[in-house]
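Which chain is which? The protein sequence lines are A and B, in order.
With this note's numbering applied, the first sequence covers 1 to 194.
With this note's numbering applied, the second sequence covers 1001 to 1194.
Idealized CB from N, CA, C, for every residue including glycine.
Every value quoted in this text rests on a predicted model; they were computed, and no experiment measured them.
Accompanying notes for the structure given below.
There are 2 protein chains.
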Amino acid sequence: MPNYKLTYFNFKGRGEIIRFLLAYTNTEFEDHRIEYNDWAQHKSSYPFGKLPVLEIDGTVYNQTLAIGRYLAKKAGLTGKSDLDDLRIDAILDTIDDFVSVFPWTGDEKAVKEYMDKSGQPVLAGLEKALGEKKWFAGDYVTWADFYWVTSSDGIAYFQPDFVKNYPKLLALKKRVQEVPEIAAWIKRRPQTIY
Amino acid sequence: MPNYKLTYFNFKGRGEIIRFLLAYTNTEFEDHRIEYNDWAQHKSSYPFGKLPVLEIDGTVYNQTLAIGRYLAKKAGLTGKSDLDDLRIDAILDTIDDFVSVFPWTGDEKAVKEYMDKSGQPVLAGLEKALGEKKWFAGDYVTWADFYWVTSSDGIAYFQPDFVKNYPKLLALKKRVQEVPEIAAWIKRRPQTIY
């Protein structure tokens, strides 16, 4: 069993998909959390000055989705075919584009403008891509479903009802939160405001 | 042999990694190019209103890196292990972050500011990640090496000498351009200014 150490900030953010994937397989890991106010003094120690990173047996790996894909393979949460993986990766990158340029400063006007102009069309597209399927991939859960939950949680802090017009995406979120290992993680994880 | 149709604009941009990957395996594909001035009338026909898309036997797939990863698997240009793939994916996403927020309007002041503040640290990190290795993965070429070339080409249009302080990244670019199938593609592709 490899030794895992996740380093991220003391909030959910981009680190949470990695925590979900490790929790899903009941994998023990060190959940190292740096206080955001202390970040300046640590930044230069990390690849490209960014978090999260995952250490696997002492080797440091960076980039959220690269780490996520690695763990998803181990967890059996990737596609059943290369074409399924293509579809799953497209959903993941669409969600990632959406959250990457979100105005995380939380400025109310900027959030509203972004959501109206860019956010809502993405949600409409994701709702359509999900369609009548249970999960994004069809009849089996993948890490794209998890990423929808961890990403939308962050945005909901700033605009709580932003998914209200998308009942399928709301139902998907609930389904993920009810996966037993995820429900257990949500219950035991450190409480942070976002 | 599946039928491939790539739809993108009449320039290299984000479409070029897909063209590289198809060219590398000598795969025939329809290279459909939409004039940027005509885009507004076509935009709503494409998933999330974005290009490139690749049609495979009539089914439309979106997101550059999702498509790229699928084709790279077919081409034998992914990692030799899951950990190699993690490293390769991290390089790909780092390059992608770099180009995604680049000020593509080309405003001279914005380009200079972005490159000084964000671009150069990324280049320094990539130069370090490459180190003394021949390719990003080590002793074998992957699509991360290709993505470095197609992405840096776009930026070079606006700031021609931006890689000058990174001899290893420059040498890598030359090595990719000398891969016989890539060299042949570069020779026969439509000439566009960027």
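Across the stretch 98 to 122 of chain A, CB contacts with chain B closer than 9 angstroms involve S100, V101, P121, V122, in sequence order along the chain.
Here K12/A is buried, its C-beta having at least 16 other C-beta atoms within 10 Å. Taking all protein chains in view, the Cβ of R1087/B is crowded by 16 or more other Cβ atoms within 10 Å, so the residue is classified as buried.
Excluding its 5 nearest sequence neighbours in each direction, M1115/B has C-beta neighbours in its own chain below 7 angstroms: Q1159, F1162, listed in chain order. Leaving aside the five residues that flank N62/A on each side, the residues in its chain whose CB is nearer than 6 angstroms to its CB run, in chain order, P47, V53.
Sequence-distant partners of V60/A (beyond 5 residues in either direction) whose C-beta falls short of 7 angstroms from its own C-beta, in its chain, are P47, V53.
Put simply, the stretch 135 to 151 of chain A touches the stretch 66 to 77 of chain A. At least three CB pairs are less than 8 angstroms apart.
Note that the C-beta distance between Y194/A and Y157/A is below 8 angstroms. A1137/B counts as buried, since no fewer than 16 other beta carbons sit within 10 angstroms of its beta carbon. Under the Cβ criterion of 8 angstroms, R1019/B is not counted among the residues facing chain A.
Here V1101/B is exposed. Its C-beta has fewer than 16 other C-beta atoms within 10 Å. Chain-ordered listing is empty here: chain B has no CB closer than 8 angstroms to the CB of T25/A, the nearest sitting near 14 angstroms. Between V1099/B and G1154/B, the C-beta gap is smaller than 8 angstroms, which places the two residues in contact. Boundaries around F1098/B are those of the alpha helix (DSSP H), 1082 to 1100, since no beta strand (DSSP E) includes it.
In terms of Cα proximity to T1025/B, the closest of A1072/B, E1035/B, S1081/B, W1039/B is A1072/B. DSSP lists R33/A as the bridge partner or partners of Y8/A. At a C-beta separation below 8 angstroms, T94/A has these neighbours in chain B: F1048, N1062, Q1063.
Residue state for G138/A is assigned as strand, using DSSP reduced to three classes.
Here R14/A is buried, its C-beta having at least 16 other C-beta atoms within 10 Å. Secondary structure at L1170/B: helix, using DSSP grouped into helix, strand and coil.
E28/A and K174/A have their C-alpha atoms roughly 25 angstroms apart. Nearest C-alpha to W1039/B among D1031/B, G1049/B, A1075/B: G1049/B. Residues of chain A whose Cβ lies closer than 9 angstroms to the Cβ of Y1070/B are, in chain order, D82, L83, D85, L86, D89. Residues of chain B with a Cβ closer than 9 angstroms to the Cβ of G125/A are, in chain order, P1047, F1048, G1049. For the 8 angstroms CB-CB criterion, T1150/B and E1030/B do not form a contact. Around K80/A, the same chain offers A137, Y140 as residues with beta carbons nearer than 8 angstroms, after the five sequence neighbours per side are excluded. Chain A places a beta carbon closer than 8 angstroms to that of I1067/B, counting this residue as a contact. R1188/B is positioned such that its CB atom lies no closer than 8 angstroms to that of R1019/B. When DSSP assignments are scanned along the stretch 1106 to 1160 of chain B, the uninterrupted stretches of alpha helix (DSSP H) that are 4 or more residues long and fall wholly within it turn out to be 1108 to 1114, 1120 to 1130, 1143 to 1158.
In this structure, L1130/B is the residue among L1021/B, A1075/B, L1130/B, E1108/B with its C-alpha nearest to the C-alpha of L1170/B. Taking the beta carbon of K1073/B as reference, the chain A residues within 7 angstroms of it are D82, listed in sequence order.
By alpha-carbon distance to A1023/B, the top candidate from W1185/B, N1003/B, T1192/B is W1185/B.
Annotated three-state conformation of Y1061/B is strand, per DSSP.
The beta carbons of H1032/B and T1064/B sit about 16 angstroms from each other, so the pair does not count as a contact at 8 angstroms. Within its own chain, the residues whose Cβ lies closer than 8 angstroms to the Cβ of N10/A, once the five positions on either side in sequence are excluded, are R33, I34, E35, Y36, P190, T192, listed in chain order.
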